[in-house]
Amino acid sequence: MNRILKKRVLTSEIKLFEVETPLIAKRALPGQFVVLRLNEEGERIPMTIVEARPEEGVILIIFQEVGKSTKQMGTMKEGDVIADVIGPLGVPSEIEKFGRVVCIGGGVGVAPVYPITKALKEMGNYVISIIGARSKDLVLLEERMRAISDELYITTDDGSYGQKGFVSDELQRLIDQGKKIDRAIAIGPVIMMKVVSEVTRPYGIKTIVSLNPIMVDGTGMCGACRVEVGGETKFTCVDGPDFDGHLVNFDLLMNRLRIYEREEKIALEEYGQGKGRNL
Amino acid sequence: MAKLILKKTPMREQPPEERIHNFNEVPYGYSEEEAVAEANRCLQCKDPPCIAGCPVEIDIPGFINQIALKNFQGAIDKLKETNFLPAICGRVCPQEDQCEKYCVLGKKAESVAIGRLERFAADWEADKGKVKIPPQANPTGKKVAVVGAGPAGLTAAGELIKRGHQVTVFEALHKEGGVLVYGIPEFRLPKAIVAREVDFLRQMGVEFVASFVVGKTQTVDELLEEFDTLFLGTGAGLPWFMQIPGENLNGIYSANEYLTRVNLMKAYLFPQYDTPIVRGKRVATSGGGNVAMDSARTALRLGAEKSMIIYRRSRRELPARIEEIEHAEEEGVKFEFLTLPVAYHADKRGWVKEMECIRMRLGEPDSSGRRRPLPIEGSNFKIPVDVVVVAIGQSPNPLVPSTTPGLETGKHGNITTDVATGRTSKKAVFAGGDIATGAATVILAMGAGKIAAKAINEYLKTGKW
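Residue numbers (my numbering), protein chains in the order written: chain B, 4 to 282; chain E, 5 to 469.
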């Protein structure tokens, strides 16, 4: 159990693992996540289940190397075992026939938006997808997203591929063209989800975002992941991770994501000087 | 019997000024001589009232007599007839409200230090290195799933394996012990001791499956396809907040998070361990129970210059064990009694910088029998802080009840059970501990695990629900 069966390097910083977890694969629904712990000293890290293949007993996860733990995870090889994989956690995404939906993924956020997009397509929705990245070589899951989208738009910050600009610019353009949109799903950096929610707000387009706060247990026990939605405190791990973007206090979320900025730097430095150097 | 010695044999401890700089256990425990001396204070009553004060009904004079006779193996054997976790109970039970409260000596002098003697016997066996496995009944072929490896679940597992049933314990976290590993700090209950007791159950044949979230990884109904019966001991895992302005600012923790980071995740050893924690200089803990004491004392060990307990009633009403209150005071924790937080204020970076409080006075007794705290209008004042720990209680964890059709719950989200048997409204499902009663003590959860095990055994034998 918890063995890495396949590893793929998607971009310089983004990697894909297929992990053998038969029980989780059997139950996982789009929008749910797992909590991982790499080893005895490891912290507990939440990660979206990008795909579950119950017949093979595997789940697929995609992660970006940003801090010490994800960098260390990036050095793991096929055949290695992750100490703990816990899940599937969180409330599954709402999958219904809404009509015309726009699915938006920014950066590594394309990975979690993919399973929701796929489920919405299978439910008979007309799917417009917008995926974005900083530059061409960082665009994620383009072919997979194309295969499940009726229309696919790509944006890059530097214009090296697709439209130059942000995913929110592309969404505004589609709205300006007069496209009727029944629902939007947006997953990516907090600032992107905030901007997308502001784009859709004046048009009354319901917009679902998937939040990524700091977590510890992932089962409602600690409250590290508390967010404010519609003025109320919610625990992302058990009440979410999907929430109505028009009600989320994104500024609070951004603030809380900075709690361990200093410690994250220390951990990374220690890792760079120590055991990480030779890996 | 020699002449009456009025005072308990003292237990040697790490001096406060030393121990606030480490996470090592505070008391050292009795030596053999000290234990024997204390055991000799026991009057060996014919009709001992202390036993009635013990939720698991340990033969207290029986095991103490063995210590007095220097038959330490006999003492631990006696304890384990009724209690699987003596090393833990000897450390964390509120003895002053249980066995020691009823001790006949207590009327004229200090009661016998029953808890310290229990701890001594358990530690003596562990130090000897060879733990005796008690006799077990022949295998019955029945399979029991225990959900939650906390005090209730561990006790139920021990009782059921002893009766010959096959027992599998499912634990949501990555380590067994429940509140004993995530909540109670190392300096009060070393994690090696919890691991030792879990290992003892493992040696008896209990199977443990960690990182398995019942309700998510598999549901109760799915487990019932594989197991004959289920015991739910999932605890009170949902932390309360006060719902006051600013409570989500950076630097404000639930006690569950604060203690889990430090105890289970070993954040005090960061960066050797990956999980970080904010090490505040001025830490305020809101609440007055054992969890609040644990949090305030942990803050000191993480380097706080000032660690404060903010409690809305007075010292008399503190629900914590006396020993915890005394230890906190010795270590320099400052108590602000009759004080209630009403808001938090932020600095420019979104971190908590002040706790705004209001002074309280005590009014008429409320439903708990304690005098109700009432706010004194206009008495607001601010305390400068950089870390806050909210330790005002927790509710039963809703994960299992919300995913189990047919399982009735009460108005606080607790699973409704028959107190005498632990039976729930769902056939073949039993429950006990904090999930049924709301947040209480380790020993009460163990008592509930024991009662349920007896009823489960009966149910497995007769098939009658």
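Every residue, glycine too, gets a C-beta built ideally from N, C-alpha and C.
- Here the region 183 to 195 of chain E lies against the region 247 to 266 of chain E, with 3 or more beta-carbon pairs under 8 Å apart.
- Secondary structure note for E:Q102: it is in no alpha helix (DSSP H), with a DSSP letter that is neither H nor E.
- Taking C-alpha positions only, E:R374 is separated from E:R317 by approximately 9 Å.
- The alpha-carbon separation between E:A332 and E:T441 amounts to approximately 28 Å.
- E:D51 sits exposed, since fewer than 16 C-beta atoms from the chains shown fall within 10 Å of its C-beta.
- By the Cβ rule, the region 247 to 264 of chain B does not count as touching the region 286 to 299 of chain E, because fewer than three pairs are nearer than 8 Å.
- In the structure shown, the three-state DSSP call for E:L184 is helix.
- For the region 217 to 236 of chain B, the residues whose beta carbon sits under 7 Å from a beta carbon of chain E are, in order, V219, D220, T222, G223, M224, C225, G226, A227, R229, E231, T236.
- Straight-line measurement puts the Cα of E:P323 at about 19 Å from the Cα of E:P59.
- Among the CB atoms of chain E, none fall inside 8 Å of the CB of B:N215.
- Under the rule that a run must span 4 or more residues, the alpha helix (DSSP H) segments found entirely inside the region 179 to 208 of chain B read 193 to 203.
- By the criterion of at least three beta-carbon pairs nearer than 8 Å, the region 70 to 81 of chain E is in contact with the region 122 to 137 of chain E.
- If you compare the alpha carbons of E:K74, E:K105, E:L342 with that of E:F124, the shortest gap goes to E:K74.
- Contact annotation: in the region 35 to 60 of chain B, residues whose CB is within less than 7 Å of a CB in chain E are R40, E44, G45, E46.
- Contact between E:A199 and E:A259 does not hold, since the beta-carbon distance rounds to 23 Å and is not under 8 Å.
- Rounded to the nearest whole angstrom, the C-alpha separation of E:G292 and E:T302 is 15 Å.
- Collapsing the DSSP output to three states places E:E335 in coil.
- Under the DSSP assignment, E:M15 falls outside any beta strand (DSSP E); it carries neither an H nor an E label.
- Interface annotation, B:N128: not in contact with chain E, CB-CB separation never under 8 Å.
- Scanning chain B for C-beta atoms nearer than 7 Å to the C-beta of E:K220 yields G90, P91, L92, reported in chain order.
- Rounded to whole angstroms, the separation of the alpha carbons of E:G336 and E:F204 is 37 Å.
- Residue pairing by DSSP places B:D87 opposite B:R40 in a beta bridge.
- B:A28 does not reach chain E, its nearest Cβ partner there being about 11 Å away, counting only Cβ pairs nearer than 9 Å.
- In the three-state reduction of the DSSP assignment, E:T86 falls in the helix class, which pools H, G and I.
- At a cut-off of 8 Å between C-beta atoms, E:S258 counts as an interface residue with respect to chain B.
- The beta carbon of B:L256 sits closer than 7 Å to those of V193, L214, P216, V230, all from its chain and outside the five residues before and after it, given in chain order.
- Excluding its 5 nearest sequence neighbours in each direction, B:E16 has C-beta neighbours in its own chain below 7 Å: Q67, E68, listed in chain order.
- In the three-state DSSP reduction, B:I52 falls in the coil class, being neither helix nor strand.
- If the five residues before and after E:A117 are omitted, its C-beta is found closer than 6 Å to the C-beta atoms of K12, E42, all from its own chain and listed in chain order.
- Measuring C-alpha to C-alpha distances from E:E368 to each of E:C361, E:L378, E:E360, E:M359 identifies E:L378 as the nearest.
- For E:I387, the pairing in a beta bridge is given by DSSP as E:M359.
- Residues of chain B with a Cβ closer than 7 Å to the Cβ of E:S372 do not exist; the shortest Cβ-Cβ separation is about 25 Å.
- Rounded to whole angstroms, the Cβ separation of E:N461 and E:L10 is 44 Å, and the two are not in contact under 8 Å.
- Within chain E, D278 have C-beta atoms less than 7 Å from the C-beta of B:K71, given in sequence order.
- Fewer than three beta-carbon pairs drawn from the region 15 to 31 of chain E and the region 58 to 72 of chain E are found closer than 8 Å, and the two stretches are therefore not classed as touching.
- Going by DSSP, E:P65 is part of the alpha helix (DSSP H) stretching over 64 to 72.
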